[in-house]
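Visitor:
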Amino acid sequence: MPIVVDVDVMLARRKMSVGELAERVGITPANLAVLKNGRAKAVRFTTLGALCEVLDCQPGDLLRWEPEPGAEDAAEEDAAEGALAVGGDG
Numbered sequence: 063m064p065i066v067v068d069v070d071v072m073l074a075r076r077k078m079s080v081g082e083l084a085e086r087v088g089i090t091p092a093n094l095a096v097l098k099n100g101r102a103k104a105v106r107f108t109t110l111g112a113l114c115e116v117l118d119c120q121p122g123d124l125l126r127w128e129p130e131p132g133a134e135d136a137a138e139e140d141a142a143e144g145a146l147a148v149g150g151d152g
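Per my numbering, the sequence shown runs over residues 63 to 152.
1. Distance check for Gly122 and Glu82, CA to CA, integer angstroms please.
2. CB-CB under 8 Å to Val36, same chain, minus the five flanking residues each way: which ones, in chain order?
3. From the DSSP output, in three-state form, read off Val105 for me.
4. Taking the C-alpha atoms as reference points, what is the distance between Pro131 and Pro64?
5. For Val66, which option in Asp118, Ile89, Asn99 and Ala74 has the closest C-alpha, if you only look at C-alpha atoms?
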């Protein structure tokens, strides 16, 4: 998944447990585990805001984007194929 969740990093910096964070944010430890393990399909802005407030951080401290392995190669191949299709026999 190209979105990486760094909740563990902020927990370590704040010396806080998963249980304490879940309680202070108002979500279950199970839901927090889904988020921090990268299995969440979406995050509500209210939850993200509560995480930032409790951890005293910005959303970018918790979430970052990483390209999927091989994504660059696939994009280059698609671009090359598109150029061939547009260019024709010339």
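We put the CB at the ideal spot given by N, CA and C, even for glycine.
Treat the numbers as computed from the prediction; the structure is a model and nothing was measured.
Guide: Quick look at the numbers:
1. The residue labelled residue 82 in the question sits at position 20 within the sequence shown. The residue labelled residue 122 in the question sits at position 60 within the sequence shown. Spanning the two alpha carbons is a distance of roughly 21 Å.
2. Since the displayed the chain opens at 63 and closes at 152, residue 36 lies outside it and no answer follows.
3. As a position in the sequence shown, residue 105 is number 43, starting the count at 1. Coil, per DSSP.
4. As a first step, residue 131 is located in the sequence shown; it is residue number 69 there, counting from the start. As a first step, residue 64 is located in the sequence shown; it is residue number 2 there, counting from the start. The straight-line gap from Cα to Cα measures roughly 9 Å.
5. Reading the sequence shown from its first residue, position 4 is the one you call residue 66. The option with the nearest alpha carbon to Val66 is Asn99.
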